[in-house]
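A.B. asks: Numbering (our numbering), first residue to last: 167 to 807.
Handing you this structure, nothing more for now.
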């Protein structure tokens with residue numbers, strides 16, 4: 167008998183293996199049906215876990231008598247009398263109540279609606295303020311007490327008239343606490359105002375300015391304990407001043423309030439003046455120009471500083487019309503046309519834009535005007551300057567700009583869409599991070615126009631990026647004229663900028679200098695950089711684009727990576743280009759029509775030692791020419807092939 171079945175099976179071993187694999191899988195699966203894993207197991211489940219925040223809730227109440235009916239102080243005035251005379255005394259009783267379940271510390275302040283004018287008679291100067299225990303007070307008690315100050319002194323005191331702390335009511339709040347003996351639930355005071363008997367006729371028919379407010383601030387207190395101790399909220403501060411109107415913000419700045427917090431959106435018809443070191447946290451609210459007001463919004467005086475955070479300051483422009491591809495918005499303004507900057511500095515004033523701070527929509531004037539005198543400074547730590555239009559860019563003037571993070575974008579102007587610096591101040595810009603993108607210039611320098619006649623102005627780019635900027639002439643990202651110095655290094659990226667007349671990245675002119683030790687330049691068009699009569703040193707970083715170099719050939723080439731071609735234009739009798747002691751491959755072309763073409767050469771720096779094959783690093787793109795090493799002159803030269 168022939169064994170055909172054996173022969174046929176061997177002819178298709180793959181099919182046989184597949185069948186066996188399926189059978190094995192089915193067999194393995196069947197082994198688990200109706201069986202139990204033979205491992206010891208157990209289970210414990212914790213249910214009902216609770217994570218809930220506590221409540222910090224405070225009330226301020228007042229009454230004419232210690233045992234009287236107490237009213238909500240937030241609903242009206244505590245003191246309201248129009249016939250004061252020497253010796254007159256008015257007593258009120260106030261209660262501070264903890265109606266939440268967290269301990270708090272508090273500050274009680276007297277806030278004027280308008281600060282008294284220095285040198286003028288004011289009723290507040292002759293009214294003494296007394297704070298006594300919450301017991302029924304008579305005239306003798308008041309006369310025997312020591313005042314805490316005059317009403318005028320307390321209105322000017324940013325530290326407040328009284329301080330204390332209050333625990334939750336008995337039986338309320340966490341049982342994980344430090345057990346201190348302190349007031350619980352509520353605390354009461356007697357407040358007395360007395361007009362001095364010494365007040366003369368100069369104080370007749372006067373008022374306490376335009377009135378005042380009694381303000382209570384509260385924040386967390388170190389009473390509750392966590393796993394470790396009661397110090398987790400030790401840094402909670404009461405040094406902040408809430409403001410809900412332009413007048414309150416103005417008053418807080420006049421009183422030198424260090425930390426100001428917005429509680430509502432604000433509109434202003436005048437500039438807020440800062441003459442000390444102020445911090446404003448907008449808490450997400452906006453300061454806007456009032457209807458019909460076109461002037462400045464903040465003025466920072468010499469020797470003063472303004473730090474903004476979580477706030478939008480809006481210049482009032484409303485952008486409509488066709489969308490500009492670079493700005494990604496319309497360019498027709500149907501809102502306010504400004505005559506003043508959003509922020510102006512004087513002398514060495516400092517502006518700091520921290521996280522969430524936005525200066526936007528100023529049309530007709532700069533977003534930031536930096537005083538042209540030495541010392542003025544703008545620091546950007548996450549803030550944004552966006553959607554502004556002015557002839558001289560979003561930021562104009564002198565001083566110094568330090569950008570660590572944030573955005574200067576979607577701005578437009580004539581010379582420089584984002585920044586125009588015109589004074590002699592030294593280091594103008596240090597960019598360590600952030601972005602300067604989508605800016606537009608109708609002339610030169612899509613983002614930056616640098617045109618000072620100083621030899622000390624320096625622009626340093628260590629990090630961040632400049633991209634998608636556009637110029638209707640030259641210098642899609644930047645125009646550097648006169649004796650400016652531009653330094654690129656670190657992780658900075660310069661890419662995707664463009665200019666209608668060429669030179670998509672940076673146009674150097676009239677002896678401006680260029681130093682590149684790192685960073686990347688790419689996708690800025692065929693002629694990314696153009697250097698005219700400049701000195702340049704490219705010893706690191708990466709350049710993908712091609713660029714041109716004309717005039718005095720003080721260009722030093724080193725270990726940078728360049729994928730593009732450097733076009734040398736020998737329009738003058740300068741015919742030597744320079745190499746560092748160590749250099750990478752370089753592709754270049756030379757203007758052959760110049761009479762000095764035959765003398766063109768690369769001169770290595772001191773310390774260079776020729777190694778056979780180094781000439782191959784210098785790739786001449788002129789057809790029919792190659793580079794060779796001339797031992798006699800110790801230079802690389804061109805020869806026909």
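All C-beta atoms, glycine included, are put in the ideal place defined by N, C-alpha and C.
Please report the distance separating the alpha-carbon of residue 194 from that of residue 205.
C.D. replies: As a first step, residue 194 must be located in the chain shown, where it is residue number 28. As a first step, residue 205 must be located in the chain shown, where it is residue number 39. Legend: pLDDT at residue 194 = 39, less than 50; position of this residue unreliable, no value from coordinates given.
A.B. asks: In whole angstroms, what is the alpha-carbon distance linking residue 573 and residue 267?
C.D. replies: Counting from 1 along the chain shown, the entry for residue 573 is found at position 407. Counting from 1 along the chain shown, the entry for residue 267 is found at position 101. Spanning the two alpha carbons is a distance of roughly 42 Å.
A.B. asks: Which residue marks the beginning of the alpha helix (DSSP H) containing residue 414, and which one marks its end?
C.D. replies: Residue 414 sits at position 248 when you count from the first residue of the chain shown. Counting along the chain, residue 414 sits inside the alpha helix (DSSP H) bounded by residues 412 to 420.
A.B. asks: Compare the Cα-Cα distances from residue 702 to each of 748, 689, 221, 654 and report the closest residue.
C.D. replies: Taking the chain shown and counting its residues from 1, the one referred to as residue 702 is at position 536. When each option's Cα is compared against that of residue 702, the closest is 654.
A.B. asks: Apart from the five residues just before and just after residue 487, which ones in its own chain have a Cβ nearer than 7 Å to its Cβ?
C.D. replies: Locating residue 487 in the chain shown gives position 321, counting from the first residue. Here the set comprises 496, 497, 498.
A.B. asks: Can you tell me which of 543, 270, 482, 457 puts its alpha carbon nearest to the alpha carbon of residue 401?
C.D. replies: If you number the chain shown from 1, residue 401 lands on position 235. When each option's Cα is compared against that of residue 401, the closest is 270.
A.B. asks: Answer yes if the region 250 to 258 comes into contact with the region 323 to 342, meaning at least three C-beta pairs across the two stretches below 8 Å, and no otherwise.
C.D. replies: Flag = no, the region 323 to 342 and the region 250 to 258 do not touch.
A.B. asks: Can you give the Cα-Cα distance for residue 334 and residue 529, rounded to whole angstroms?
C.D. replies: By 1-based counting over the chain shown, the position of residue 334 is 168. By 1-based counting over the chain shown, the position of residue 529 is 363. Approximately 52 Å, taken between the alpha carbons.
A.B. asks: Would you say residue 501 and residue 478 are within 8 Å of each other, going by their C-beta atoms?
C.D. replies: As a first step, residue 501 must be located in the chain shown, where it is residue number 335. As a first step, residue 478 must be located in the chain shown, where it is residue number 312. Not in contact: residue 501 and residue 478 (Cβ atoms no closer than 8 Å).
A.B. asks: Return the Cβ separation of residue 706 and residue 672 in integer angstroms, given the expectation that the two are a contact with Cβ distance under 8 Å.
C.D. replies: Indexing the chain shown from 1 puts residue 706 at position 540. Indexing the chain shown from 1 puts residue 672 at position 506. About 17 Å; that fails the 8 Å criterion.
A.B. asks: According to the Cβ coordinates, are residue 634 and residue 604 closer than 8 Å?
C.D. replies: Within the chain shown, residue 634 is the residue found at index 468, counting from 1. Within the chain shown, residue 604 is the residue found at index 438, counting from 1. Closer than 8 Å, so yes.
A.B. asks: Is residue 358 helix, strand or coil by DSSP?
C.D. replies: In the chain shown, counting from the first residue as 1, residue 358 sits at position 192. Here residue 358 sits in strand by DSSP.
A.B. asks: Suppose you measure from the CA of residue 410 to the CA of residue 548; what does that come to, to the nearest Å?
C.D. replies: Within the chain shown, residue 410 is the residue found at index 244, counting from 1. Within the chain shown, residue 548 is the residue found at index 382, counting from 1. Whole-angstrom Cα-Cα distance: 25 Å.
A.B. asks: If the criterion is Cβ atoms closer than 8 Å, does the pair residue 472 and residue 517 meet it?
C.D. replies: Locating residue 472 in the chain shown gives position 306, counting from the first residue. Locating residue 517 in the chain shown gives position 351, counting from the first residue. The answer is yes: Cβ separation under 8 Å.
A.B. asks: Sort out for me which residues DSSP pairs residue 294 with in a bridge.
C.D. replies: Walking along the chain shown from the start, residue 294 turns up at place 128. DSSP lists 316, 360 as partners of residue 294.
A.B. asks: Go ahead and label residue 342 buried or exposed: buried means 16 or more other beta carbons lie within 10 angstroms of its beta carbon, across all protein chains shown.
C.D. replies: The count along the chain shown starts at 1 and reaches residue 342 at position 176. It is exposed - the Cβ of residue 342 has fewer than 16 other Cβ atoms within 10 Å.
A.B. asks: With distance defined between alpha-carbon atoms, name the residue in 645, 683, 676, 231 nearest to residue 694.
C.D. replies: Within the chain shown, the letter at position 528 stands for residue 694. Among 645, 683, 676, 231, the Cα nearest to that of residue 694 is on 645.
A.B. asks: Looking at the structure shown, is residue 710 part of a helix, part of a strand, or coil, going by DSSP?
C.D. replies: Residue mapping note: residue 710 aligns to position 544 of the chain shown, counting from 1. Coil.
A.B. asks: Return the chain-ordered ranges of every beta strand (DSSP E) run that is complete within the region 523 to 584 and spans a minimum of 3 residues.
C.D. replies: Annotation: the region 523 to 584 contains the following complete segments of the beta strand (DSSP E) (minimum length 3 residues), in chain order: 524 to 526, 534 to 536, 543 to 552, 561 to 563, 566 to 575.
A.B. asks: Taking Cβ positions, are residue 579 and residue 555 nearer each other than 8 Å?
C.D. replies: Along the chain shown, one-based indexing puts residue 579 at 413. Along the chain shown, one-based indexing puts residue 555 at 389. The answer is yes: Cβ separation under 8 Å.
A.B. asks: Does residue 701 come out as helix, strand or coil in the three-state DSSP assignment?
C.D. replies: Translated into positions along the chain shown, residue 701 becomes position 535. Residue state for residue 701 is assigned as strand, using DSSP reduced to three classes.
A.B. asks: Can you look up residue 231 in the DSSP assignment and give me helix, strand or coil?
C.D. replies: Taking the first residue of the chain shown as 1, we reach residue 231 at position 65. In the structure shown, residue 231 sits in coil (DSSP, three-state: anything other than H, G, I, E or B).
A.B. asks: Starting from the Cα of residue 239, find the closest Cα among 387, 245, 228 and give me that residue.
C.D. replies: Within the chain shown, numbered from 1, the residue matching residue 239 stands at position 73. The candidate whose alpha carbon is nearest that of residue 239 is 228.
A.B. asks: Quick test of the definition: if touching needs 3 or more C-beta pairs under 8 Å, does the region 280 to 290 touch the region 348 to 357?
C.D. replies: They do not touch, by the three-pair rule.
A.B. asks: Have a look at residue 367 and residue 560 and give me their C-alpha separation to the nearest angstrom.
C.D. replies: Your numbering for residue 367 matches position 201 in the chain shown. Your numbering for residue 560 matches position 394 in the chain shown. Spanning the alpha carbons of residue 367 and residue 560 requires a straight line of approximately 55 Å.
A.B. asks: What is the DSSP secondary structure of residue 469, counted as helix, strand or coil?
C.D. replies: Taking the chain shown and counting its residues from 1, the one referred to as residue 469 is at position 303. Three-state DSSP puts residue 469 in coil, outside helix and strand.
A.B. asks: Between which two residues does the beta strand (DSSP E) carrying residue 432 extend?
C.D. replies: Numbered from its first residue, the chain shown carries residue 432 at position 266. Note, residue 432: beta strand (DSSP E), 432 to 434.
A.B. asks: Quick one: is residue 775 buried, meaning 16 or more other Cβ sit within 10 Å of its Cβ, or exposed?
C.D. replies: Residue mapping note: residue 775 aligns to position 609 of the chain shown, counting from 1. Under this definition residue 775 is an exposed residue.
A.B. asks: Cα separation between residue 781 and residue 660?
C.D. replies: Against the chain shown, residue 781 aligns to sequence position 615. Against the chain shown, residue 660 aligns to sequence position 494. Residue 781 and residue 660: Cα-Cα distance of roughly 30 Å.
A.B. asks: For residue 426 and residue 474, I'd like the C-alpha separation in whole angstroms.
C.D. replies: Mapped onto the chain shown, residue 426 falls at position 260. Mapped onto the chain shown, residue 474 falls at position 308. Answer to the nearest angstrom: the Cα atoms are 10 Å apart.
A.B. asks: Kindly list the residues whose CB is nearer than 6 Å to the CB of residue 747, restricted to its own chain and excluding five residues on each side of it in sequence; keep chain order.
C.D. replies: For the purposes of this step, residue 747 is identified with residue 581 of the chain shown, where counting begins at 1. Hits under 6 Å: 771, 773, 774.
A.B. asks: From residue 197 to residue 396, what distance separates their C-alpha atoms?
C.D. replies: Here residue 197 corresponds to residue number 31 of the chain shown, with the count starting at 1. Here residue 396 corresponds to residue number 230 of the chain shown, with the count starting at 1. Confidence at residue 197 is low in this model, with a pLDDT of 38, below 50, so the placement of that residue should be treated as unreliable; the coordinate-derived value is given next. When rounded, the separation of the alpha-carbon atoms in residue 197 and residue 396 is 60 Å.
A.B. asks: With burial defined as no fewer than 16 other Cβ atoms inside 10 Å of the residue's Cβ, what is the status of residue 652: buried or exposed?
C.D. replies: Position 486 of the chain shown, counting from 1, holds the residue named residue 652. Per the 10 Å Cβ criterion, buried.
A.B. asks: Could you tell me how far apart the beta carbons of residue 292 and residue 223 are, in whole angstroms, since I believe they sit closer than 8 Å?
C.D. replies: Translated into positions along the chain shown, residue 292 becomes position 126. Translated into positions along the chain shown, residue 223 becomes position 57. No, residue 292 and residue 223 are not in contact; Cβ-Cβ is about 38 Å, not under 8 Å.
A.B. asks: Which one of 571, 535, 576 has the shortest CA to CA distance from residue 489?
C.D. replies: Mapped onto the chain shown, residue 489 falls at position 323. Answer by Cα proximity: 576.
A.B. asks: Straight-line CA distance for residue 594 to residue 537?
C.D. replies: In the chain shown, residue 594 corresponds to position 428, counting from 1. In the chain shown, residue 537 corresponds to position 371, counting from 1. Distance between the alpha carbons of residue 594 and residue 537 is about 12 Å.
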